[in-house]
Structures are given as structure tokens and as C-alpha cells.
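First residue of the sequence shown: 526, per this note's numbering; consecutive thereafter. Note that CB positions come from ideal geometry on N, CA and C, so glycine has one too. These notes concern the structure reproduced below.
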Amino acid sequence: MSTDDTAVPSGITLQCGWGRLIFAHTFPDPQSVAECVLDEKEGERDIAFYLTDPHIVLNTAPQALFLDPSHSFRIEFSDYQKKPEPPMGFRIGGVESREDLNAINRIYRTLNMVPVDTNYVWEKRNEPGLRYIVARHNESGAILGVSMGVDHCAFFPDIQNGSSLWSLAVDPQADLPGIGEWLVRHLIEYFQSRGRSQLDLSVMHDNRSAIGLYEKLGFKRVAIFAVKRCNPINEQLFVRKPANNGFNPYAQIIVDEALRRGIEVEPLDPRRGYFRLTLGGRSVVCRESLTDQTSAIALSRCDDKELTRSIMDSAGLKTPAQQIAGNPEADEAFLKQHLHIVVKPARGEQGRGIAVDITSREDMEAAIVEARKEDETVLLEKFVEGQDLRIIVINGEVVAAAIRKPAEITGTGKHTVKQLIERLSRRRSAATGGESVIPMDAETERCVQNSGHQFDSILEEGKVLTVRKAANLHTGGTIHDVTKELHPALAEAAVRGAKALEIPVVGFDFLVPSVRSEEYVIIEANERPGLANHEPAPTARRFIDFLFPQSVEPPVKS
């Protein structure tokens, strides 16, 4: 298949940590390419790239191979324009520790990408031909993004003097702009310094944001094709996925899991998240993670935050002090007693009408007015310092736990607070299918002003500003999995709470000093928790296990 059989050795493959990159143009014929792809190891994803006759390769094993539905792009380094200013708030570099690799895999799993073999990548971290790079936060050192580059000439005499980029991924919860762009720029400039002439990449045909970035940097479409093996990892690429009919991510994750198991899905009202699942004569109506298995009594207990607190208290679980707002003297006395309070509607969802860390009578009165727009009954609650912890309980077992953090912006020294909020809000919306947006409302303005800034203030480079006190995902917050770190006492409290509410699927909001500590207070219970927020924890799988136990898949034998 090579245009110059004497120019390159025969059958070049490169192990990348997630599978092999198969340089198809170095193989003698289509049959040998197909045989190589079919020799893929379990749990890995091999890619045969640079195919000149993909149709013939596919014809060799049509039931086992498929043509990757991706576009290929190339940039000639002679066309590349460097950016004069450096990245803001983060730096690009190599892997420095094994913990970096764990962070890389966390990002990959969150984006449903194949995780890397950490031992292999660690051993190869200093090899110039196979380079994993990361974007690292200047202040916290957190890994914000990752990519991998391959210098073709390090592995065979490439007549095109090329290189390629793979596995670009940015943490969808990163609060800094330009991460993906700088990961790409770094690899371009790195391979350019090594004397290479071009950089190739492959991107899903419908990934408009990534394609827009590559075109902005000067990449152009090229006729390069890739073939992959039909395996469970690649299933979404070669099996036509039914249209989501307008479902949001919280319904879609359940629908996808049901379809994967052969459960019939009947869309009832996709815009509102309603659908019916049917298997073997059993049908269950769902609204996202709320089902007809949750009784009206359990639903009403969660809907009323005052009632939730009363039931938690009766079960011996810890809750913060609380009272109903309405009497100005009693309201002011509560504020003076606790100094820092939360104002929230007794009923409501998605963080609407909630004001956190109120310290003045004027702010309290204004917050009560806003909360009453959501529900006539407004609660005053003692503000408790700590991490905002969401624990998901399904069928009496904890299946996921995550720390939720409020929306934060990081200054660039050039942009106003309002501009940074709007940019972050666009990124959060794009990462969540439009579910997470930072409102430019009175509560956001109050939080900004309490920090000593205004919307039109230029935020100094590197300064982190919390723009919402409530760590709600729908108002721009982020979520970070801590399931494996959860103290048993916290898990036990969540299970007891679910039993007290007599509810099969619930998300509890805790405030804790640490997820490894026994201390906690329970703030509220959510009868319709967003299971998609906890990927890659198996929330949807456990949800379907509960609804249709006959569909539970047997464990894989080692």
C-alpha cells in the first residue's frame, strides 16, 4: 500500500497507551492491515491510519471492521502562525508524576474516551517520539487537559517528514479559556523544532467546536482515512444511534443504557424528559431519574425542604438550624444568632432563588423577595462552612458521590468580570448540553460585589473569583467524583436518609469539612438527581439494574 516500498519498513505499529497506532501505508497489502487491526487486544482501541485503499481493507473483514466516521486535518508548518502572548493561568508541559496520569484518565473517562495504561505511559514519558503533554493550572497544579503527539520519523523513515496529534481532551469543568488551543500549538511548535514538516489529526465529523479550532489554527481537510475494529469500545461509532428526540443529558444517559440492553424506549414528552421503558411485560414511566416507583408521598417529602429537614431530624441525622421567614423581628434575630445564613424557597430546584452566605439585614430582605418568586414559603438556614457533597443512593446503596464547587472565574488581566463570566458560562453550557449556565442576575452581582469587584472590573491575571456561592450545576457549578474517598459514615447517613424518606432513587446534598471525615449536615434531598453529572460512575447502569433486574449483565470473568 505504500507508494514507495523501499522508503519505509514493512508493517509499522506504535503502542500509544490506549491501543496501537497502525501506520497502514507501511503495510504490503490490505489483507495484512486487516489482520493487524483484528489482532487488537481486549480493552484497547487500535487505529489503522493513512489507508490508501480503505474499501479493500473493509472488504477483507466486512463484519469485523468499520470506516471511522472522522475527518482528517493537516497543517503544514510553513503556514503556521505563532501566537505572541503565552497562555493565561496555565502552562503546558510533560507528565511529571503518576498522579498526573490518574488525572489524565479521569478526564478521558469523563469524556468516554479510552484511558491509558499508566505504567506504559510513565515508562515512555521521556521518549521524544511519543509525547504526552498536559495543561497544568498555574496555582493549583491541577491537570486541565491532555494530548499526545507522535513523531513519525522516530519510528520509521517517513517520506512526508510528518507527525500526528491524538487523544486531545480538555476537562469540561476547567475554568480557563484556550486550553485545547495551546495543547495543539505546543505540539505544533515541538515537532516544528524537531524538523518535522506537518502535523496530522483525526476528529469526529460532527465535533464542530474542535473543527472550528483546527481551522482557526490553519489546519485543512485531507483525504486520509482510518479503520477500526467493531468492538464494545467503538460501538457508538459503527452502530447507528437512535435520535434523542430532544432529550436532555439527564434523560439521554438513561435512554442510552436502556437501549444498550435491548429495553424498549417510548418517548412520551422528550422536552420535559418523559419516556416509558418496557421489557418482558414490565413498563416503567420515567421523568429523567424520577420514576413511578417513587411514591407521591416520597416525592412530596423531598419537594418540601422544611419537611425533608424534619424527617432527617427524626431519623437522627444532622441538619442545620432553620426557620420560616416572614416575621421581620424573628428573621433579624435568626441572622444575629448565626451571623451567616442561607435564604431559599421551601420548594424549588436547580438552585433558583437561593442566596448563600447572607450577612446583612438588607441582603437578607432582598434575598427573601427573590426566593418568594419561586415559592411563597421561604426558609432561613444557618450557613455551614464546608464542601458541598452530593451522594446518590439507588435501591438502598450509594452508587456515586461528588464534591460540587460553585462557579469560579480566573482573571487574565485583560478581561472584565462580566466578560469572564460570559465566556465561562458558554463553555459550561457547551459541556453540559445547555444545562449549566451562570445567570447574570442579582445573586451573581451580589457575590461579585462582596468580593470587592464590579461586573466591569478588570480581574487581575491569576486571581480566582467565586461568582456564585451556591454550588449548583445548573448555575455554572462543577462536580468532582469522590466516590472512592467517601467516609463510610457519610455513606451510611445517606442510606439512612433514603430509608427515612422511603425513596428508591435520591440525591442528598451534604455539607462536610472533608469527604474523609465523619462530620456532616444534610441540606436537602433531590428526588430527581441528574445521573449524567456523575459520569463515569455507573449511575445509569445501576438505575436500570434497579428498574429491570432481569437485564443485569453477569460479571465479566477474569
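Please list, in chain order, all residues of the same chain as Ala1016 whose beta carbon is under 6 Å from its beta carbon, the five residues on each side excluded. Val923
Using DSSP bridges, identify the partner residues of Lys898. Paired residues: none, contrary to the question.
Classify Thr844: buried if its beta carbon has 16 or more other beta carbons within 10 angstroms, exposed otherwise. buried
Let me know the secondary structure DSSP gives Asn637 once reduced to three states. coil
Please tell me whether Glu933 and Val894 are closer than 8 Å, where the distance is taken between their beta carbons. no
For Ser595, tell me which candidate among Ala573, Pro774, Arg797, Gly542 has the shortest Cα-Cα distance. Ala573
CA-CA distance, Val962 and Gly878? 15 Å
Distance cutoff 8 Å, beta carbons only. Does Asn852 sit that close to anything in chain D? Note that chain D does not occur in the displayed structure, where there is just one protein chain.
Quick one: residues in its chain with C-beta nearer than 6 Å to the C-beta of Tyr775, no 5 flanking neighbours on either side, listed in chain order? Glu813, Gly1055, Ala1057
Does DSSP put Asn975 in a helix, in a strand, or in coil? In the structure shown, Asn975 sits in a helix (DSSP, three-state: H, G or I).
Cβ neighbour criterion (16 or more within 10 Å) applied to Pro757: It is exposed - the Cβ of Pro757 has fewer than 16 other Cβ atoms within 10 Å.
Given this structure, state the Cα-to-Cα distance separating Ile983 from Ala1018, to the nearest angstrom. 44 Å
Please confirm whether any heavy atom of the ligand GDP lies closer than 7 Å to the CB of Ile779. Questions concerning the ligand GDP fall outside what the structure shown contains, since it holds no ligand whatsoever.
Where do the N-terminal and C-terminal ends of the alpha helix (DSSP H) with Trp647 fall, by residue? 643–648
Alpha carbon of Gly636 to alpha carbon of Gly806, nearest angstrom: Reading off the sequence, residue 636 comes out as Leu, not Gly. Whole-angstrom Cα-Cα distance: 35 Å.
Under a Cβ-count criterion, where at least 16 other Cβ atoms within 10 Å of its own Cβ denotes burial, should Lys847 be classed as buried or exposed? Reading the sequence as shown, one finds Gln at residue 847 and not Lys. When all chains shown are included, Gln847 counts as buried.
To the nearest angstrom, how far is the alpha carbon of Asp642 from that of Cys541? 9 Å
Is the segment 711–724 touching the segment 546–566, taking contact as three or more C-beta pairs under 8 Å? no
CB of Phe1073 within 8 Å of CB of Leu784, strictly: Judged by beta-carbon spacing, Leu784 lies beyond the 8 Å limit of Phe1073, meaning their Cβ atoms are not closer than that value.
DSSP puts Glu601 in a beta bridge; with which residues? Gln723
From the DSSP output, which residues share a beta bridge with Glu933? Answer is Thr991.
Please tell me whether Phe602 and Gln685 are closer than 8 Å, where the distance is taken between their beta carbons. no
Nearest-angstrom beta carbon gap, Leu914 and Ile928 [assumed within contact, 8 Å]: 6 Å
To the nearest angstrom, how far is the alpha carbon of Lys869 from that of His999? 16 Å
I need the boundaries of the beta strand (DSSP E) containing Ile1048, first residue and last residue. DSSP places Ile1048 in the uninterrupted beta strand (DSSP E) bounded by 1046–1051.
For Val558 and Leu701, I'd like the C-alpha separation in whole angstroms. About 42 Å.
Lys939 to Asp981 span [Cα, whole Å]: 11 Å
Relative to the C-alpha of Asp828, which residue among Lys649, Asp1006, Ile1048 is closest? Out of Lys649, Asp1006, Ile1048, Ile1048 has the C-alpha closest to the C-alpha of Asp828.
So, does the segment 953–972 touch the segment 1032–1043, judging by three or more C-beta pairs under 8 Å? The segment 953–972 and the segment 1032–1043 do not touch, with fewer than 3 CB-CB distances between them shorter than 8 Å.
One or two residues paired with Asp1034 in a DSSP bridge: Arg915, Glu1049
Suppose you measure from the CA of Arg826 to the CA of Val1046; what does that come to, to the nearest Å? 18 Å
Do the CB positions of Ile547 and Phe680 come within less than 8 Å of each other? For Ile547 and Phe680, no; Cβs fall outside 8 Å.
Tyr605 vs Ile749 beta-carbon contact at 8 Å: For the 8 Å CB-CB criterion, Tyr605 and Ile749 do not form a contact.
Out of Asp1006, Val1040, Ile1069, Gly1022, point me to the one whose CA is closest to Glu1060's CA. Asp1006
In chain order, what residues of the same chain lie with their CB nearer than 7 Å to the CB of Gly771, ignoring the 5 residues before and after it? Pro795, Arg796
Helix, strand or coil for Pro757, going by three-state DSSP, please let me know. It is helical.
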